[in-house]
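Working notes, beginning with the structure itself.
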Amino acid sequence: MSFWLVLTVNSVTFGGLLFLLSAGFSLIFGLMRIPNLTHGSLFMLGAYIGATFVIGVFGVKLNFWLAALLATLAVALLGALAERLLLRRLPGEQLAQVLVTLGLSFMAADFCLMVWGGDPLSVATPSELAGFQRFGALVFPNYRLAIIVIAIIVAIGLWLLLDRTRLGAMIRAGVDDPDMARVVGIRVSQLFTIVFALGAGLAAFAGIVGGPILSVYPGLDQDMLPLALVVVILGGTGSLLGSFVGSIIVGFIYNFGQALLPELAYFVLFLPMLLVLLLRPQGLFGRHVP
Amino acid sequence: MTIRFLALVVAFAALATVPYWMPGVYYINVASQILFYAIFALGLNVLVGYAGLVSLGHAGLFGVAAYAAGYMLQLGFGHPLAILVALVIGVASMAIYAALSLRSTGIGFIMITLALGEILWGLAYRWISLTGGDNGLSLKSRPELFGFSMSDVNTFYYASLVIFMLSLAAMTVFVRSPLGAALMGTRDQPRRMNALGYHVWAIRFYACLFSGLLTSISAILFVYYTQFISPQTLALTASAEVLLMVISGGAGTLLGPIVGATLVVVVKTVVSGFIERWNFLLGAIFVAIVILMPEGLVPGTARLWRLAWRQRERGASVTPGSAEAKP
C-alpha cells in the first residue's frame, strides 16, 4: 500500500516538473507551429547554470532560489536571442526552423560537456525544504511536495497571464489564427520572441528546480525532450490545460512504468502517445492538428 | 553531357582503384565507411528529398536491422540467413513505422518519426535481456564471399563498393520510374495528385519501403564493418547525422547524399583526430547550411557555377542583352 502511495506522490511531483518544462514547449508549438527541439537543452542549461551558482563560482555562492532566478533569466535571454538572430531569418519555413533548433541542441549539449565535464553534478536541496512530512507510517520529502506547489502556482500564474492580460489575449489570438491576428494589428513576430523567451525561461526553471531530484548530467536534454514531446502530443499544442493534464498522465506512466516494467519503460511511455495520434491527432485539448 | 559522362567515368575509376592510391589501411576503411553511410543517406533521401517527408528516426530503423543481423549471428545462424532476416525485419519494421507516421505530413511527420526513433532507442537501451543494453552486441566474424574473406580491408571495400553501385543504380531507376515521378508529384502537389486519381498514401508507403530497404542494406554493412552495435547507433544524434548528410549535400538530388556522406564522414574522422567536440561542429554546420545554403552543397555549387559561367560569357562577348541586364 505504502509503495503505491509513494509512487503516486513521486508521479505527481514528476508531472509538476514536466508541466514546467512542457507549458513553454506547448505555447511555442502553438504559436510558431514548430516543435522546439532545443527545449531539452534549455532545461539542461538551466540546471547546469543554476547548479553552478548553488555550488559556487568564483567564490560566490548563491541561495538556491536566487540561483534559480538567475538561471531562468539567463536562459530566457538566450532563447530570445536564438529566436531573434536565427529563427527570425527563416520566416514561414517551419522545416528549416526545426532543423536549426536541432542543430542548436547539439551545440548546446556539447557546450555543456565542454564546460561542466562528464560527471553528474548533484544539487543540494534548499535547506528550508530539507525535512520530511510524516503521514502515519509514510514519509514524504518536503522538497517533492514543494515542487507540486510550485507547479500549481506557475500554472495559475500562466493561466492568469494568458486569460486575463492583454498580452495573453494577443498570444491566444496568435495561436488560433496568426494571419488574422496580424490583420488586426498584433505584431505576431514580436510575440514569437516573447513566447520563446518565456518558454526558455520556464524550461530552465524546471531544470534547476528538478536538479535536487534528477541531478544534472550530460544527456539530461535527450531524456527530457521526448517527455515534453509526449506531453504536448497527448495534451494538444498551445493549450495550457492540455499540457497540465498531459504532464500528470506522463508523470504517472513514467514512474509506474519504471517501477513495474523497467525494461519496457520507454515503450510504455510512448504507447498512449501513439494511441492519441491515431485516434485524436489534435491531442486531448488541442486546437489544431500539427 | 559528355563532360558529365567523363566526370562519372573518372569518379568511378577513382573509386575502383582506392586501395591502390590511398596512403594506408586507415584511409581505405574511411572510404568503406563513406560508402555505406552514402547508402544510408540515399535511403533517407528517398523520403526527405523525393517524398518531402523529413524522418528524424531513421537511425532507429538502421539499428533494428543491425541488431537483427547481430542477434541472428550470435544465436549461431549462418551469414546468408542472418543477412536475409535482417533485411526482412528492417523492411517490415519500416512498414510499421510508415503505417504510423504517414498519418500526417510536415511537422507532424517529424514529430512522430522522432518519437518512434526514441522508442526504438529506448528499447535498445533498456531491454537489456535482448540487446545487452549499453554493453551492446559484438560480432565475431565477417562473412566470406566467393572464397574471399571480408576481414581483409580491400575485400570489404570492394564488397561495399559493389553494393553501393547497385544501390545507386536502383536509386537512379527508382527516381526515373513512373513511381518516382508520382512520388515527386505527391511531394509538390498532394491534393492535385489525389484529384488525378493517384493513391497518395500508397505511393508514399512504397517509397518508405524502398527507403527501409536501402537503410537495412547499409545497416548490415555497418554491422560487419564495426562488428559491434550499441544503443548509440540508434540515438537521435545518429538520425540527425544522416539527415545532415542528405541536407548538406542536397536533398532531392542523386549525388547530394553521396557528397554529404563524404563531407560528414571526412569531417568527423579527420576533425575528431584533432578536437573532441565533434557534435558542436555538427550542430554548427547544420545551422550554417540551413541558413546560408538551404538547397545543399550540390545544387548550391551548381547554381554558383552557372552564375559564374554566365558572368564570364558576358564579360567575354559584349552583347546587347548583357547591357540591358545591368541596371
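In the order they appear, the protein sequences are chains A and B.
For the first sequence, the working numbering assigns the number 1 to the initial residue and increments by one for each residue that follows.
For the second sequence, the working numbering assigns the number 1001 to the initial residue and increments by one for each residue that follows.
For each residue, glycine too, the CB sits at the ideal point set by N, CA and C.
Inset, instruction - Quick one: give me the first and last residue of the alpha helix (DSSP H) that A/F106 is part of. - result: Within the first sequence, numbered from 1, the residue matching residue 106 of chain A stands at position 106. Residues Q94 to W116.
Inset, instruction - Consult DSSP for B/S1230 and reduce its assignment to one of helix, strand or coil. - result: Taking the second sequence and counting its residues from 1, one reaches residue 1230 of chain B at position 230. Coil at B/S1230, not helix or strand.
Inset, instruction - Check whether the stretch 1168-1179 of chain B touches the stretch 1059-1071 of chain B, counting contact only when three or more Cβ pairs, one atom from each stretch, lie closer than 8 Å. - result: no
Inset, instruction - State the DSSP-derived secondary structure class of A/S41, mapped to helix, strand or coil. - result: Counting from 1 along the first sequence, the entry for residue 41 of chain A is found at position 41. Of the three classes helix, strand and coil, the one that applies to A/S41 here is helix, per DSSP.
Inset, instruction - For A/P141, write down the residues that DSSP places opposite it in a beta bridge. - result: Looking up residue 141 of chain A in the first sequence gives position 141. Answer is A/F132, bridged to A/P141.
Inset, instruction - Could you tell me which chain B residues have their CB closer than 7 Å to the CB of A/M273, listed as they occur along the chain? - result: As a working mapping, residue 273 of chain A is identified with position 273 in the first sequence. Neighbours of A/M273 on chain B, chain order: A1115.
Inset, instruction - At 4 residues or longer, and completely inside the stretch 200-244 of chain A: list those alpha helix (DSSP H) runs for me, N to C. - result: Complete alpha helix (DSSP H) runs here, min 4: 220-235.
Inset, instruction - Starting from the beta carbon of B/N1279, find every residue of chain A whose beta carbon is closer than 7 Å, and list them in chain order. - result: The residue given as residue 1279 of chain B occupies position 279 in the second sequence. Within 7 Å of the CB of B/N1279, the CB atoms of chain A belong to F106, A109 and D110, in sequence order along the chain.
Inset, instruction - Please list the partners that A/P262 has in chain B, where partner means a Cβ-to-Cβ separation under 8 Å. - result: By 1-based counting over the first sequence, the position of residue 262 of chain A is 262. Residues of chain B passing the Cβ test: R1126.
Legend entry - Supposed close pair A/G210, A/L17 - CB separation, criterion 8 Å: Locating residue 210 of chain A in the first sequence gives position 210, counting from the first residue. Locating residue 17 of chain A in the first sequence gives position 17, counting from the first residue. Rounded, the Cβ-Cβ distance is 5 Å, consistent with contact.
Legend entry - Rounded C-alpha distance that separates B/G1185 from B/R1103: Counting from one through the second sequence, the residue named residue 1185 of chain B turns up at place 185. Counting from one through the second sequence, the residue named residue 1103 of chain B turns up at place 103. Those two C-alpha atoms are separated by around 18 Å.
Inset, instruction - Find the residues of chain A that neighbour B/I1247, judging by a C-beta separation of less than 8 Å, and give them in chain order. - result: By one-based count along the second sequence, residue 1247 of chain B stands at place 247. Against chain A, the beta carbon of B/I1247 has neighbours under 8 Å at L99, listed in chain order.
Legend entry - Three CB pairs or more closer than 8 Å across the stretch 1079-1095 of chain B and the stretch 1245-1256 of chain B: No, the stretch 1079-1095 of chain B does not touch the stretch 1245-1256 of chain B.
Inset, instruction - Spatial neighbours of B/L1015 within its chain, please: CB distance less than 7 Å, with the 5 preceding and 5 following residues excluded, ordered by chain position. - result: For the purposes of this step, residue 1015 of chain B is taken as residue 15 along the second sequence, with counting starting at 1. L1161, listed in sequence order.
Inset, instruction - Put B/G1315 into one of helix, strand or coil per three-state DSSP. - result: In the second sequence, counting from the first residue as 1, residue 1315 of chain B sits at position 315. Looking at B/G1315 - three-state DSSP - the assignment turns out to be helix.
Inset, instruction - Count the other CB atoms, across all protein chains shown, that sit within 10 Å of the CB of B/T1002; report buried if there are 16 or more and exposed otherwise. - result: Numbered from 1 along the second sequence, position 2 holds the residue referred to as residue 1002 of chain B. Exposed is the call here.
Legend entry - For B/K1268, the first and last residue of its enclosing alpha helix (DSSP H): Translated into the one-based positions of the second sequence, residue 1268 of chain B becomes position 268. Unbroken alpha helix (DSSP H) run through B/K1268: G1256 to F1274.
Inset, instruction - Name, in chain order, the residues that DSSP records as bridge partners for A/V57. - result: Counting from 1 along the first sequence, the entry for residue 57 of chain A is found at position 57. Note: A/V57 sits in a beta bridge opposite A/V60.
Inset, instruction - Please state whether DSSP places B/S1218 in a helix, a strand or coil. - result: On the second sequence, position 218 is the one that residue 1218 of chain B refers to. Of the three classes helix, strand and coil, the one that applies to B/S1218 here is helix, per DSSP.
Inset, instruction - For A/L277, collect the residues of the same chain with a Cβ closer than 8 Å to its Cβ; drop the 5 residues on either side in sequence, then sort them by chain order. - result: Here residue 277 of chain A refers to the residue found at position 277 when the first sequence is read from its first residue. Cβ within range, chain order: I233.
Inset, instruction - Label A/T13 either buried or exposed according to how many other C-beta atoms from any shown protein chain fall within 10 Å of its C-beta, with 16 as the threshold for buried. - result: One-based indexing of the first sequence puts residue 13 of chain A at position 13. So A/T13 ends up on the buried side.
Legend entry - Residue span of the alpha helix (DSSP H) that contains B/V1046, given as start and end: For the purposes of this step, residue 1046 of chain B is taken as residue 46 along the second sequence, with counting starting at 1. Here B/V1046 belongs to no alpha helix (DSSP H), and DSSP marks it neither H nor E.
Legend entry - Closest Cα partner of B/F1040 within the set B/A1011, B/N1029 and B/S1167: Residue numbering aside, residue 1040 of chain B sits at position 40 when the second sequence is read from its first letter. Of the candidates B/A1011, B/N1029 and B/S1167, the one whose C-alpha sits nearest the C-alpha of B/F1040 is B/S1167.
Inset, instruction - Taking B/E1241 as part of the alpha helix (DSSP H), name the residues at either end of that continuous run. - result: Here residue 1241 of chain B corresponds to residue number 241 of the second sequence, with the count starting at 1. Its alpha helix (DSSP H) spans residues L1236 to G1249.
Legend entry - Segment limits, alpha helix (DSSP H) that includes A/T125: Looking up residue 125 of chain A in the first sequence gives position 125. Where A/T125 is concerned, there is no enclosing alpha helix (DSSP H), given that its DSSP letter is neither H nor E.
Inset, instruction - Using the Cα positions of A/I148 and A/V9, report the straight-line distance between them to the nearest angstrom. - result: Residue numbering aside, residue 148 of chain A sits at position 148 when the first sequence is read from its first letter. Residue numbering aside, residue 9 of chain A sits at position 9 when the first sequence is read from its first letter. One C-alpha to the other measures close to 9 Å.
Legend entry - Cutoff 9 Å: A/V230 Cβ touching any chain E Cβ: No chain E appears in this structure, whose protein chains are A and B.
Inset, instruction - Tell me whether A/L86 sits in a helix, a strand or coil according to DSSP, three-state version. - result: Walking along the first sequence from the start, residue 86 of chain A turns up at place 86. A/L86: coil per DSSP, three-state reduction.
Inset, instruction - Flag this pair as touching only if the stretch 37-54 of chain A and the stretch 174-181 of chain A have three or more C-beta atom pairs under 8 Å; answer yes or no. - result: no
Legend entry - Option in A/L104, A/A155, A/S243 and A/L21 with minimal Cα separation from A/A203: Along the first sequence, read from residue 1 onward, the residue named residue 203 of chain A stands at position 203. Out of A/L104, A/A155, A/S243 and A/L21, A/L21 has the C-alpha closest to the C-alpha of A/A203.
Inset, instruction - Count the CB pairs spanning the stretch 1226-1245 of chain B and the stretch 1121-1140 of chain B that are closer than 8 Å, and state whether there are at least three. - result: The answer is yes - the stretch 1121-1140 of chain B touches the stretch 1226-1245 of chain B, with three or more Cβ pairs under 8 Å.
Legend entry - Residues of its chain near A/S243, where Cβ-Cβ distance is below 7 Å and the 5 sequence neighbours each way are ignored: Taking the first sequence and counting its residues from 1, the one referred to as residue 243 of chain A is at position 243. Same-chain partners within the cutoff: F19, S22, A23, S26, V231, V232 and G235.
Inset, instruction - Using a Cβ-Cβ cut-off of less than 9 Å, list which residues of the stretch 1279-1310 of chain B approach chain A; keep chain order. - result: N1279, F1280, L1281, L1282, G1283, A1284, I1285, F1286, V1287, A1288, I1289, V1290, I1291 and P1294
Inset, instruction - For the alpha helix (DSSP H) containing A/Y266, list its first residue and its last residue. - result: The residue given as residue 266 of chain A occupies position 266 in the first sequence. Segment A265 to L279, the alpha helix (DSSP H) holding A/Y266.
Inset, instruction - Would you kindly check if the distance between the Cβ of A/V123 and the Cβ of A/A51 is under 9 Å? - result: To locate residue 51 of chain A, count along the first sequence from 1; it is residue 51. To locate residue 123 of chain A, count along the first sequence from 1; it is residue 123. With a cutoff of 9 Å on beta-carbon distance, A/A51 and A/V123 are scored as near each other.
Legend entry - DSSP beta-bridge partners of B/L1137: Your numbering for residue 1137 of chain B matches position 137 in the second sequence. Paired residue(s): B/I1229.
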